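Residue numbers (our numbering): 213 to 480.
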């Protein structure tokens, strides 16, 4: 698979019409943010925002936008039909999804790779494209949680950024929630929906990650425990061993090559 062209959140004026009476030479993926009238397969379809379709090469199609148009699009060469079939999807089929915001984010990341062309950019684009297909399939299977409102999601990301910068602070569920004007009971499901981990568990992982860096730099176990906001070194040692599999003392004495585990390897 190879992307020939791609645009994220591309606008057009009201009344915009596109006609491909012979289809395109390549696959065309379209994600409509706004409603359009789409004609293909000898039928006219009134398509709502949030709809995705991939036209196979040489499939005739056209669409008309009664109002201002906003959509993501890309042209793909290669055996994309087979790639779609891996995830139970097919070309020339309308898919209505509730994950439009995330799909648009993925297309934006692909667009950035396409134009920057940093090392391994083609591999990254292919990985993102598969992510998009998997996301769409999960949405169709009903296995995706409902989306978090954009304003709330931005507040949660800002909160997590502050926690990452200062994991040593005495964070509690209530203090986290107050920071973004939510209740603690509301914070938990929303945080987990976005970051796939509870806020308390995430905080522990942040503290242990920062503690590992401090231990590498020669800080003592008691000093690290104090700096990370633990009430006692014993509590710190228990949590560190639970996450990394070894004690902080053992970790500190492993020299140049301490055991490394993925940051989220032990999350439930």
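Note that CB positions come from ideal geometry on N, CA and C, so glycine has one too.
Note that the coordinates shown come from a computational prediction; the quantities given were computed from them, not determined experimentally.
Residues near residue i in its chain [Cβ-Cβ closer than 6 angstroms; skip 5 each side]
{"i": "residue 297", "result": "none"}
{"i": "residue 437", "result": "445 and 448"}
{"i": "residue 411", "result": "388 and 403"}
{"i": "residue 320", "result": "220"}
{"i": "residue 482", "result": "In the structure as shown, the chain starts at 213 and stops at 480, and residue 482 therefore has no counterpart that could be examined."}
{"i": "residue 464", "result": "427"}
{"i": "residue 280", "result": "226"}
{"i": "residue 217", "result": "287"}
{"i": "residue 250", "result": "257, 259 and 275"}
As assigned by DSSP and simplified to three states, the class of residue i
{"i": "residue 384", "result": "coil"}
{"i": "residue 301", "result": "coil"}
{"i": "residue 240", "result": "strand"}
{"i": "residue 216", "result": "strand"}
{"i": "residue 481", "result": "Any answer about residue 481 is impossible in this case: the structure gives the chain only from 213 up to 480."}
{"i": "residue 258", "result": "strand"}
{"i": "residue 360", "result": "coil"}
{"i": "residue 247", "result": "coil"}
{"i": "residue 276", "result": "strand"}
{"i": "residue 402", "result": "helix"}
{"i": "residue 489", "result": "In the structure displayed, the chain extends from 213 to 480; residue 489 sits before or after that span and is not available."}
Cβ-heavy atom distance, residue i to the ligand SAH, below 7 angstroms
{"i": "residue 399", "result": "With respect to small molecules bound, the structure shown includes none, and the ligand SAH cannot be examined in it."}
Exposure label - residue i; buried when at least 16 CB within 10 Å
{"i": "residue 262", "result": "buried"}
{"i": "residue 227", "result": "exposed"}
{"i": "residue 450", "result": "exposed"}
{"i": "residue 378", "result": "exposed"}
{"i": "residue 331", "result": "exposed"}
{"i": "residue 366", "result": "exposed"}
{"i": "residue 223", "result": "exposed"}
Inter-residue Cα distance where the pair is residue i and residue j
{"i": "residue 345", "j": "residue 287", "result": "15 angstroms"}
{"i": "residue 230", "j": "residue 236", "result": "12 angstroms"}
{"i": "residue 440", "j": "residue 434", "result": "10 angstroms"}
{"i": "residue 254", "j": "residue 239", "result": "19 angstroms"}
{"i": "residue 466", "j": "residue 328", "result": "40 angstroms"}
{"i": "residue 268", "j": "residue 325", "result": "24 angstroms"}
{"i": "residue 242", "j": "residue 400", "result": "35 angstroms"}
{"i": "residue 285", "j": "residue 360", "result": "24 angstroms"}
Cβ shell of residue i (< 8 angstroms), same chain only, five flanking positions each side left out
{"i": "residue 234", "result": "270 and 272"}
{"i": "residue 213", "result": "288, 289, 290, 291, 292, 295, 338 and 341"}
Contacting residues, own chain, Cβ-Cβ under 7 angstroms from residue i (five flanking each side not counted)
{"i": "residue 371", "result": "388, 391 and 392"}
{"i": "residue 302", "result": "296"}
{"i": "residue 432", "result": "none"}
{"i": "residue 407", "result": "372 and 414"}
- Assess, as a yes-or-no matter, whether the region 371 to 388 is touched by the region 337 to 350 under the definition of 3 or more beta carbon pairs within less than 8 angstroms. no
- Message: I'd like to know if the region 414 to 428 and the region 448 to 460 are in contact, where contact means that at least 3 CB-CB pairs between them fall below 8 angstroms.
- Response: yes
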